[in-house]
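The block underneath contains the structure these notes are about, expressed in structure tokens.
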């Protein structure tokens, strides 16, 4: 019964998605990431219908989260934003691992890559979005540490 309901909801949403351009409500060229978003939601709905299948959380997280920057760029028409938004794709995999860990069997094999990818995603986001600040601050901090370390060691 739950599976039938979920399938029905997804089919209705897909029908609306494909009828929209016919009635001039929107174009698929602008909202194609919505298909990825809906498929991601479908994976989550399938997981909640069968919680033992926690492997459904990874594709659900990746598709749902990855659809957001794609949708932002598609709706704005400014794909240059992807040069700042791409770390979200790495973070989506990290979140998928975290969800599988916390809602699954709590295996360390899921938690460790989640942490590594979270760190890589956050660092990438900071470096590529704030590169004009990150490196100068790191250089200043390293220089000050060396200067003060040198002054302290002289005493």
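In our numbering, the protein residues as written are 27 to 181.
Beta carbons are placed, not taken as given, at the ideal position from N, Cα and C, and that holds for glycine.
All values derive from a computational prediction rather than experimental measurement.
Annotated three-state conformation of residue 130 is coil, per DSSP.
Secondary structure at residue 78: coil, using DSSP grouped into helix, strand and coil. If you look at residue 54, you'll find it in the alpha helix (DSSP H) that goes 54 to 57. Membership of residue 110 in the alpha helix (DSSP H) is indicated by the continuous run 108 to 111.
Between residue 127 and residue 115, the CB-CB gap reaches or exceeds 9 Å. Counted as a single uninterrupted DSSP element, the alpha helix (DSSP H) harbouring residue 86 occupies residues 83 to 102.
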